[in-house]
Structures are given as structure tokens and as C-alpha cells.
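Taking it in order: structure first as C-alpha cells, then the write-up.
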Amino acid sequence: MTLTLIIIAMAIVTYLPRMLPVFIMDRLHFPGWVSKWLKAIPYAALGALIVPGIFTVEPGAPVVGVIGGLVAAVIAYFRGHIMIVIVAAIVTAFLIQRF
Amino acid sequence: MREQQLEAANTSTYAEDYWEGLKMAVPVILGYLPIAISFGVLAVQTGISFFHAVLMSLTVYAGASQFMALNMLVIGTVGLEIVLATFILNLRHFVMSISLFSHLQHVPKRWKALIAQGITDESFALASLKRKELGTYPSAAIYLGIFSGAFGMWVIGTAIGALIGNVVPVALSDSMGIALYALFIGLLVPAVRAYWKIGIIAAGSAGLSWIFSIYLSEGWAIVLATVFGSLIGVWVLEGDEE
Numbered sequence: 001m002t003l004t005l006i007i008i009a010m011a012i013v014t015y016l017p018r019m020l021p022v023f024i025m026d027r028l029h030f031p032g033w034v035s036k037w038l039k040a041i042p043y044a045a046l047g048a049l050i051v052p053g054i055f056t057v058e059p060g061a062p063v064v065g066v067i068g069g070l071v072a073a074v075i076a077y078f079r080g081h082i083m084i085v086i087v088a089a090i091v092t093a094f095l096i097q098r099f
Numbered sequence: 001m002r003e004q005q006l007e008a009a010n011t012s013t014y015a016e017d018y019w020e021g022l023k024m025a026v027p028v029i030l031g032y033l034p035i036a037i038s039f040g041v042l043a044v045q046t047g048i049s050f051f052h053a054v055l056m057s058l059t060v061y062a063g064a065s066q067f068m069a070l071n072m073l074v075i076g077t078v079g080l081e082i083v084l085a086t087f088i089l090n091l092r093h094f095v096m097s098i099s100l101f102s103h104l105q106h107v108p109k110r111w112k113a114l115i116a117q118g119i120t121d122e123s124f125a126l127a128s129l130k131r132k133e134l135g136t137y138p139s140a141a142i143y144l145g146i147f148s149g150a151f152g153m154w155v156i157g158t159a160i161g162a163l164i165g166n167v168v169p170v171a172l173s174d175s176m177g178i179a180l181y182a183l184f185i186g187l188l189v190p191a192v193r194a195y196w197k198i199g200i201i202a203a204g205s206a207g208l209s210w211i212f213s214i215y216l217s218e219g220w221a222i223v224l225a226t227v228f229g230s231l232i233g234v235w236v237l238e239g240d241e242e
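Line order of the protein sequences matches chains A and B. Here the first sequence stands for residues 1 to 99, where the numbers follow full-length UniProt numbering. Here the second sequence stands for residues 1 to 242, where the numbers follow full-length UniProt numbering.
Structure representation (C-alpha cells):
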């Protein structure tokens with residue numbers, strides 16, 4: 001399989017789950033608990049994406065991802081701009097690997 | 001009531017709504033820049049051409065699975081496994097899409113089909129967080145603004161990264177893999193700060209994701225942890241005030 005074909009196939013399987021609800025949930029109304037469930041999904045997804053992925057940022061050295069992530073969390077907590085959060089995490093990970 | 005809503009909807013043009021959406025998306029647009037550059041740099045250093053790196057960002061447009069695909073290509077995985085892993089990893093967008101479009105019943109399907117391509121963790125989280133500001137019948141143009149802004153920066157950033165990829169020292173590009181997680185943290189922490197119970201949901205699904213990942217592939221672990229972790233919200237979140 002050439003890389004172009006792989007990418008096109010990736011694009012198709014990525015678009016399908018995004019697009020399907022448009023056509024299958026016409027005039028659908030959810031009970032209260034389902035809307036709470038749907039509301040929680042973005043946060044659950046963020047949590048599930050961060051852990052354990054962040055431990056493998058640097059294979060074999062989970063401390064790099066953990067400290068970089070903590071720096072990001074502290075800056076984000078004190079309302080640092082998202083770009084500063086990201087750049088600071090990259091710089092932190094870079095510095096840890098140097099020393 | 002219905003007339004008032006229509007009147008309210010007509011006070012701004014589609015162009016104005018589109019700009020409104022673009023402005024709302026600024027945090028994600030700027031947040032995407034270093035990540036997209038990271039992706040472009042890592043792609044080129046992995047041995048992928050400029051064309052393929054940009055094509056992937058243009059058509060797939062899903063950060064986590066694009067980074068995952070790079071990892072799999074590096075270790076020599078065959079194409080089918082990459083496609084399957086991408087599918088499983090991005091199944092979560094199905095649930096996000098249901099959540100998003102449950103508030104957009106009034107928008108024509110052809111517009112929704114276009115908006116759907118813009119659903120990512122970050123743009124979806126942003127659109128969900130801004131839902132109160134968007135009102136009961138938000139215009140499709142606002143969503144197009146939010147989603148196309150993030151998409152545009154993702155593609156531009158990838159191109160920049162792929163262009164400079166060969167001059168970025170490997171020591172630095174090794175550290176760029178953390179960019180994606182820093183963006184997730186940067187989106188999550190302010191939401192937790194605003195409403196602490198969100199932290200329970202995120203921590204719960206993070207724990208589930210960790211446990212699942214011991215027994216399952218990364219893609220399945222994320223999908224299952226998202227589905228079950230978000231169920232915590234049924235108990236901890238307060239009901240809709242509307």
C-alpha cells in the first residue's frame with residue numbers, strides 16, 4: 001500500500017464517524033442523563049488522551065512527559081496563553097533531556 | 001417566540017457570524033501552530049515527503065492519529081494496521097459529533113456534513129465550552145468560522161514544519177512530541193478551574209485509559225475510557241438549566 005493510499009484510507013475512516021451522526025440522528029431528542037453524558041465527553045476525551053500517552057513522550061523516560069505536563073498545567077492554571085503553555089512544555093522537555 | 005428567534009438570527013450576516021467564529025477560535029488556532037509545526041518537522045524527519053505530510057493534515061486532520069501514524073511508519077507497520085488504528089482512535093469523534101449536532105438540528109445537512117470534517121478534540125471542546133454564548137439557534141457560519149480557522153492553521157503549520165524539518169536539530173524535535181499533550185492540558189485546566197467537577201470526569205477517564213492501555217491497544221483504550229469515563233458526568237454534573 002503506498003503512502004498516498006494509506007492517507008486517503010485514513011481520511012475516509014476519520015470522516016465517517018464525524019459525519020454519520022448528521023444523517024442518523026434526525027430530530028432525535030435525548031433524555032436528561034444522555035445529555036449530561038454527552039456534555040462530559042470532551043473532558044473525558046481530554047483525560048483519556050493525556051494519560052497514559054504523556055508518559056511515552058520520550059520512550060523509556062516517563063519523567064520527561066510528566067514534568068513537561070506539570071509545567072503546562074501550572075501555566076494554564078494561572079491563565080497563561082495556550083501558545084505559552086505549549087512552547088513552555090516543549091522547552092521543558094528539551095531541557096530535561098539535555099541534563 | 002419563534003419569530004423573535006428568527007429576528008435575532010437575522011441581525012447578523014453570515015460573514016459577520018463567520019468572523020465571530022474565527023475570533024472565538026483564536027485560542028485553538030494559536031495552540032495548533034506549534035503542534036502542526038511539530039507534526040510537519042517530525043514527519044519530514046521520519047522520511048515522509050512534504051507532499052504527504054501536508055496531504056495528511058489536509059485530508060485526515062486528526063492530530064493524535066497523525067502522530068500515531070508517524071510512530072507506526074517509523075517502526076515499519078503495514079498500512080492496514082495504521083488505517084484500523086486511525087479508525088478506532090477517531091471513533092470518539094462519533095460521540096462528539098452526536099453531542100455537537102444535537103444542538104444544530106436547524107442547520108441543513110449539507111452544511112453539517114461540511115462542519116463534521118472540522119470536528120477535532122480541541123475545536124469540539126471549544127465549541128462546547130462556548131455553547132451558551134452561541135445561543136439556542138447558532139448559525140452554521142459561526143461553526144464554519146471556528147472549525148475552518150483551526151483547520152487552516154493546522155495545514156499552514158504542517159507546511160511550515162515540513163519546510164523547516166530538515167534544519168531543526170533532532171534534540172529539539174524529540175521534545176516536540178509533548179506539544180499535543182500540552183494543548184490538551186491547556187484546554188482542560190481552565191475548564192477544571194471554572195468548574196471543579198469536570199476534573200473528576202477527566203481524572204476518572206484518565207485512570208480508566210491508563211488501566212485499559214495495559215490490556216488493550218492505545219486506540220481502544222482511548223475510545224473505551226472516553227465512553228465510560230464520561231458516564232461519570234451523569235452523576236456529577238448538574239442538569240441542563242435550559
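Glycine included, C-beta positions come from ideal geometry on N, C-alpha and C.
Give the residues of chain B in contact with A/F99, contact being defined as C-beta atoms less than 7 Å apart. Simply none; closest approach about 12 Å.
According to DSSP, simplified to helix, strand and coil, what is B/M1? For B/M1, the predicted model reports a pLDDT of 49, less than 50, meaning its position is unreliable and no value from the coordinates is stated.
Report the residues of the region 195–211 of chain B with a CB closer than 8 Å to any CB of chain A, ordered along the chain. I198, I201, A202, A203, G204, S205, A206, G207, L208, S209, W210
Take the Cβ of B/L89 as the centre, count every other Cβ of all protein chains shown within 10 Å, and call the residue buried at 16 or more, exposed below. buried
Residues from the region 49–64 of chain A in contact with chain B, defined by Cβ distance under 9 Å: L49, I50, V51, P52, G53, I54, F55, T56, V57, E58, V64
Under 8 Å between beta-carbons, which chain A residues line up against B/K112? List them in chain order, please. Ordered by position in chain A, the residues that pass the 8 Å Cβ test against B/K112 are V22.
What does a CB cutoff of less than 7 Å around B/I146 pick up in its chain, not counting 5 residues either side in sequence? For B/I146, same chain residues with a beta-carbon under 7 Å away, outside a window of 5 residues either side, are G21, M24, A25, S123, L126, A127 in chain order.
Listed in chain order, which residues of the region 103–127 of chain B have Cβ atoms closer than 7 Å to some Cβ of chain A? Those residues of the region 103–127 of chain B that come within reach of chain A (Cβ to Cβ, closer than 7 Å) are Q105, K109, K112, A113, A116, Q117, I119, D121, F124, A125.
Comparing alpha-carbon positions, which option in B/I200, B/V189, B/S217 lies nearest B/I232? The shortest C-alpha separation from B/I232 is found at B/I200.
Boundaries (first-last residue) of the alpha helix (DSSP H) holding B/E81: Here the alpha helix (DSSP H) through B/E81 covers 79–90.
Do you know how far the Cα of B/Q105 is from the Cα of B/L73? 40 Å
Pick from B/P34, B/P27, B/Q66, B/T59 that is closest to B/T46, judged by C-alpha positions: B/Q66
Nearest by alpha-carbon distance to B/I98: which of A/L20, A/K36, A/V57, A/I50 is it? Distance check between B/I98 and each of A/L20, A/K36, A/V57, A/I50 places A/L20 closest, using alpha-carbon atoms only.
Find out if the Cβ-Cβ distance for the pair B/S205, A/Y43 is shorter than 9 Å. yes
With a cut-off of 9 Å, does the C-beta of B/V95 fall near any C-beta of chain A? yes
Any C-beta of chain A under 9 Å from that of B/M1: A caution first: B/M1 carries a pLDDT of 49, below 50, which makes its placement in the model unreliable, though a value can still be read off. By this cut-off, B/M1 is not an interface position.
Among B/A191, B/A171, B/W154, the one whose alpha carbon lies nearest that of B/G40: Comparing C-alpha distances from B/G40 to each of B/A191, B/A171, B/W154 shows the shortest one belongs to B/W154.
Is the beta carbon of B/H93 less than 9 Å from the beta carbon of B/P138? Cβ atoms of B/H93 and B/P138: not closer than 9 Å.
So, under 8 Å CB-CB, A/M83 and B/P190 are touching, yes? Tell me the CB distance rounded to an integer number of Å. Incorrect: roughly 14 Å between the Cβ atoms, too far for contact.
Cβ shell of B/T158 (< 7 Å), same chain only, five flanking positions each side left out: Contacts found: A36, F39, G40, A53, V54, S57.
Residue burial classification, B/E241 (beta-carbon count within 10 angstroms, cutoff 16): Its pLDDT being 41, under 50, B/E241 is placed unreliably in this model, and the value from its coordinates should be taken loosely. Flag for B/E241 reads exposed.
Find out if the Cβ-Cβ distance for the pair B/L144, B/L114 is shorter than 9 Å. In contact: B/L144 and B/L114 (Cβ atoms closer than 9 Å).
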